[in-house]
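Quick notes on the structure that follows.
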Amino acid sequence: MTADLRPLDLPALEAYLADRIPGLAGGLRVDFVDGGRSNLTYAVHAGDRSWALRRPPFGTIAPSANDIHREFRVTAALAGSTVPVAAPVLYCADPAVIGAPFSLAAWVDGVVIRAPGQLAVLAPSTVRAVGHSMIDLLLRLHSVAPASVGLDAFGRPEGFLLRQVHRWKQQWDVVATRPSADADELHRRLAAAVPPQSAPGIVHGDFRLDNIIYAADLSGAAALLDWEMATIGDPLTDLGLLLVYTDPVCAPVLPHGCPVTGSDHFPTRDELVAGYAAGTSRDLTHLTFYEALGYYKLAVIAEGVHRRFVEGMTVGSGFETVGGAVPGLLAAGLARLGR
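According to UniProt numbering, the residues represented by the sequence shown are 1 to 339, in order.
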């Protein structure tokens, strides 16, 4: 079930922003941006100026999930770095304004590749360039020293991988709508297979093609979006999850399906891995662990979305398919560990 979109309190929002944004013209207009699976996004317009407003979803939210302030902190730190982000404007912790904490960032124009059909109509060389530029962006992020942008205290890298394994088990216990022997088994096997960690760096937490705004001509990334799970930890978790997102099993989780399946010319898994390996000194020996962890993480996220759908707390379209992806994601994670 999907909830009716609850309108923002425009007078309250306008009064709040008027005190904080110089020259703000009256008469705010707000449009809901459909397609997200976690935090809700609204386009806010005032005259010829536009911003993106983000707030947490409705319904049951697992602890530490959908962290708007975390997203604001990391984008504020990265603004002006080699990693393009939507310039943060403000963060409001007071839920009395619109009913939840929220952040405001500059609106970034460009192209988001959400659906397979968007790649299907592109020239093969353009499709390949998009895929390789995605890896280049990930390498740029992972090359930023956290201390150089003031993020050295943003996370706890020691013991990060084992904490991730247990964190997603804790989240599963909060959001699960059904028992799953595969979920229990995947957690057990991941905990027993944690490899030595790679050097700490900035982890995006949900790095995938449709979280990137490309320039209108697809020549490069204009902004990397959705930083709510960012932290300091093992960056190879980003690579593992990115590879999961190229697997068609994840299609029901994404708003418009798995976009990379739209063209046979998108770089293969091995080509993406080779591109990353060519730009890093990190040891990829245990990459299958990171992929299995990515499948587990996405399965838990999907179960959380499914729970909000069952509770009637999702806003937008396409949520009815998400829960059906969970068994396949868990099975794929076990397969990466040699089931």
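Heads up, the beta-carbon is just placed ideally off N, CA and C, and yes, glycines get one too.
Tell me the rounded alpha-carbon separation between residue i and residue j.
i: Val260; j: Asp19; result: 43 angstroms
i: Met1; j: Thr321; result: With a pLDDT of 42 at Met1, under the threshold of 50, the modelled position of that residue is not reliable, and the figure given next carries that caveat. Answer to the nearest angstrom: the Cα atoms are 11 angstroms apart.
i: Ala191; j: Trp227; result: 26 angstroms
i: Tyr16; j: Arg54; result: 15 angstroms
i: Gly201; j: Gly27; result: 43 angstroms
i: Arg188; j: Pro196; result: 17 angstroms
i: Ala3; j: Met313; result: In this prediction, Ala3 has a pLDDT of 46, which is less than 50 and means its spatial position is unreliable; what the coordinates show is noted afterwards. C-alpha separation (whole angstroms): 5 angstroms.
i: Leu214; j: Glu291; result: For the sequence presented, residue 214 should be read as Tyr rather than Leu. Each residue's Cα considered, the two are about 26 angstroms apart.
i: Asp109; j: Ser219; result: 14 angstroms
i: Asp173; j: Leu24; result: 45 angstroms
i: Val273; j: Asp94; result: 43 angstroms
i: Pro88; j: Asp9; result: 21 angstroms
i: Ser148; j: Glu311; result: 43 angstroms
i: Val111; j: Phe207; result: 16 angstroms
i: Asp217; j: Cys250; result: 27 angstroms
i: Arg269; j: Pro252; result: 20 angstroms
i: Gly150; j: Ala181; result: 42 angstroms
i: residue 372; j: Ala52; result: What is shown of the chain runs 1 to 339, which leaves residue 372 out entirely.
i: Ser281; j: Leu242; result: 19 angstroms
i: Gly338; j: Pro22; result: 58 angstroms
i: Glu271; j: Ser125; result: 15 angstroms
i: Leu90; j: Phe160; result: 29 angstroms
i: Phe309; j: Gly318; result: 10 angstroms
i: Arg29; j: Cys92; result: 19 angstroms
i: Pro179; j: His256; result: 28 angstroms
Among the options, whose alpha-carbon lies nearest the alpha-carbon of residue i?
i: Ala325; options: Glu303, Asp152, Leu151 and Leu239; result: Glu303
i: Val85; options: Pro252, His204 and Val194; result: His204
i: Gly80; options: Leu272, Leu241, Ala223 and Val310; result: Ala223
i: Phe102; options: Ile113, Pro57 and Val111; result: Pro57
i: Pro300; options: Arg128, His142, Thr177 and Phe154; result: Note on identity: in this sequence residue 300 is Val, with Pro being the wrong assignment. Checked all of Arg128, His142, Thr177 and Phe154; the closest Cα to Val300 is Thr177.
i: residue 424; options: Asp34, Thr82, Pro267 and Phe72; result: Outside the shown range of the chain, which is 1 to 339, sits residue 424, and nothing can be said about it.
i: Arg114; options: Arg307, Leu287, Cys258 and Thr280; result: Cys258
i: Glu185; options: Pro7, Leu334 and Ala43; result: Leu334
i: Gly240; options: His286, Ala230 and Gln171; result: His286
i: Val144; options: Ala199, Val97 and Pro124; result: Ala199
i: Gly275; options: Asp182, Leu242, His132 and Gln171; result: His132
i: Gly99; options: Ala183, Ser125 and Pro7; result: Pro7
i: Ala105; options: Leu225, His256 and Pro22; result: Leu225
i: Met229; options: Thr41, Asp67 and Ala96; result: Asp67
i: Asp238; options: Asp136, Ala153 and Asp182; result: Asp136
i: Val305; options: Pro22, Gln171 and Phe160; result: Gln171
Please classify residue i as buried or exposed, where buried requires at least 16 other C-beta atoms within 10 Å of its C-beta.
i: Pro11; result: exposed
i: Leu13; result: buried
i: Gly235; result: Correcting the residue identity first, residue 235 is Pro in this sequence and not Gly. Label assigned to Pro235: buried.
i: Glu158; result: exposed
i: Val47; result: In the sequence as presented, Val is not what sits at residue 47; that position holds Gly. It counts as exposed.
i: Gly323; result: buried
i: Gly117; result: exposed
i: Leu162; result: exposed
i: Arg336; result: buried
i: Val130; result: buried
i: Arg156; result: exposed
i: Thr75; result: buried
i: Arg73; result: buried
i: Asp31; result: exposed
i: Ala123; result: exposed
i: Ala77; result: buried
i: Ala183; result: buried
i: Val44; result: buried
i: Val33; result: exposed
i: Ala221; result: buried
i: Ala96; result: exposed
Report yes if the C-beta distance between residue i and residue j is below 8 angstroms; otherwise report no.
i: Ser38; j: Trp107; result: no
i: Met134; j: Leu209; result: yes
i: Pro146; j: Ile212; result: no
i: Val83; j: Leu139; result: no
i: Arg307; j: Val175; result: yes
i: Phe289; j: Ala153; result: no
i: Leu284; j: Ala278; result: no
Of all Cβ atoms in chain E, is any one closer than 8 angstroms to the Cβ of residue i?
i: His256; result: The question asks about chain E, but that chain is absent: this structure has only one protein chain.
- Query: Are the segment 158–177 and the segment 240–260 touching, with three or more C-beta to C-beta distances below 8 angstroms?
  - Reply: no
- Task: Would you check if the segment 287–303 and the segment 327–337 touch, i.e. whether three or more CB-CB distances between them fall below 8 angstroms?
- Result: yes
- Message: Taking contact to mean 3 or more Cβ pairs, one atom from each stretch, closer than 8 angstroms, check whether the segment 260–280 and the segment 118–133 are in contact.
- Response: yes
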